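**Student:** Below are the structure tokens for one structure; questions will follow.
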Ligand SMILES: [Zn+2]
Ligand SMILES: [Zn+2]
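Right under this line is the structure:
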């Protein structure tokens, strides 16, 4: 049997392995095809495609775009995107720039509120890693502006608090449109993170997303329960959606998800890739 893994992260986003490293690893594990689906960037795909060609492993260029959704988190996967597409590249770099401005803007807001804080201090608290609100809280705590981390969030940093700056995200319509624009297949990732509990609500949301151009749903995912899998399978059938799956492997030792197999023995057939290729011929 030919196995695939259609949801992987590399150092281009928050993964540990480089794009070529993940291709080497997938080859070692005997996979036939993989998709590189980094968060909000397609930058890892070029290197992965080159390595795939070298090793004879099929690499599907992909992306995972975070979309604005109030209930939970909505991620839209894009498969077979044209990584040379100008609009996709421009929009994703704009997104990165806007994100990069978030932390300095939060520093500015805090200073306007009379808190003496510098960006250097926050960066220092992060230990050189990605800067986030917990690091702001740490500095506020150290400097005695608050007594607990919770207080830092309540008074300054939490959603709706005076120093809060929203993380910029595309709305679902724009995320789907961007992927289609780049001749890619938009797929709703791990539906359980939407935090929609009723099948009726999920159905209604799927209908909306399909109208916006959604073509597939990620049914197989390590954290999906048996019940969720059968619900998503039946929804996919009813709405004639492509079915995909992947481990969401990030290369982190402590993570339970392993490449190709997820938590236990998830096995994804190459027929998923064939179905996508057939859909591409019809859609574009
Ligand atoms: Zn995701
Ligand atoms: Zn992911």
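In the numbering used here, the protein residues as written are 590 to 873. Using N, Cα and C, we set each Cβ at its ideal position, and we do this for glycine too. None of these values were measured; they are calculated from a predicted model.
1) Helix, strand or coil, according to DSSP, for residue 607 in the structure here?
2) Taking the alpha-carbon positions, what's the residue 762 to residue 732 distance?
3) Quick one: using the 10 Å Cβ neighbour count with 16 as the cut-off for buried, is residue 578 buried or exposed?
4) Hey, residue 639 and residue 602 are a contact pair by Cβ (cut 8 angstroms); roughly how many whole angstroms apart?
5) Alpha carbon to alpha carbon, what distance is there between residue 813 and residue 781?
6) As an exercise, report each continuous beta strand (DSSP E) stretch of at least 3 residues that is fully enclosed by the stretch 732-781, in chain order.
7) For residue 693, count neighbouring C-beta atoms within 10 Å of its own C-beta (all shown protein chains included) and say buried if the count is 16 or more, exposed if not.
8) Decide if residue 660 is buried, meaning its Cβ has at least 16 other Cβ atoms within 10 Å, or exposed.
9) Have a look at residue 650 and residue 605 and give me their C-alpha separation to the nearest angstrom.
10) Can you tell me where the beta strand (DSSP E) with residue 805 in it begins and where it stops?
11) Tell me where the beta strand (DSSP E) around residue 668 begins and ends.
12) Smallest Cα separation from residue 751: which of 609, 715, 697?
13) Is DSSP giving residue 847 helix, strand or coil here?
14) Identify whether residue 862 lies in helix, strand or coil by the three-state DSSP scheme.
15) Could you give the distance in angstroms between the alpha-carbon of residue 861 and the alpha-carbon of residue 715?
16) For residue 705, count the other beta carbons within 10 Å of its own beta carbon; 16 or more makes it buried, fewer makes it exposed. Which is it?
17) Report all residues from its chain with a CB closer than 6 angstroms to the CB of residue 875; omit the five preceding and five following residues, and keep chain order.
18) Taking 6 angstroms as the cut-off, does the CB of residue 664 come closer than this to any heavy atom belonging to ligand 1?
19) How about residue 656: is its Cβ closer than 6 angstroms to a heavy atom in ligand 1?
20) With distance defined between alpha-carbon atoms, name the residue in 684, 631, 623 nearest to residue 672.
21) For residue 788, does the three-state DSSP call read helix, strand or coil?
22) Once you ignore the five residues that flank residue 771 on each side, which residues in its own chain have a CB closer than 6 angstroms to its CB?
23) State the DSSP-derived secondary structure class of residue 730, mapped to helix, strand or coil.
24) Closest to residue 799 by C-alpha separation, out of 786, 827, 818, 787, would be which residue?
25) Three-state secondary structure (DSSP) at residue 707?
26) Take the Cβ of residue 838 as the centre, count every other Cβ of all protein chains shown within 10 Å, and call the residue buried at 16 or more, exposed below.
27) What residue from 611, 846, 830, 736 has the CA that sits closest to residue 872's CA?
28) Excluding five sequence neighbours on each side, which residues of the same chain lie with their C-beta closer than 6 angstroms to the C-beta of residue 734?
29) Would you decide whether residue 611 is buried or exposed? Buried here means 16 or more other CB atoms lie within 10 Å of its CB.
30) Less than 6 angstroms separating the Cβ of residue 726 from some heavy atom of ligand 1?
31) Going by Cα to Cα distance, which pick from 723, 599, 757, 756 is closest to residue 742?
**Tutor:** For this structure:
1) coil
2) 43 angstroms
3) Residue 578 falls outside the range modelled here, since the chain spans only 590 to 873, and no answer is possible.
4) Between residue 602 and residue 639 the Cβ distance is about 19 angstroms, and since that is not below 8 angstroms, they are no contact.
5) 7 angstroms
6) 774-777
7) exposed
8) exposed
9) 18 angstroms
10) 805-809
11) 663-668
12) 697
13) strand
14) helix
15) 40 angstroms
16) exposed
17) Nothing about residue 875 can be reported from this structure: the residues present for the chain run from 590 to 873 only.
18) yes
19) no
20) 631
21) helix
22) 670, 671, 674, 677
23) helix
24) 827
25) coil
26) buried
27) 830
28) 704
29) buried
30) no
31) 723
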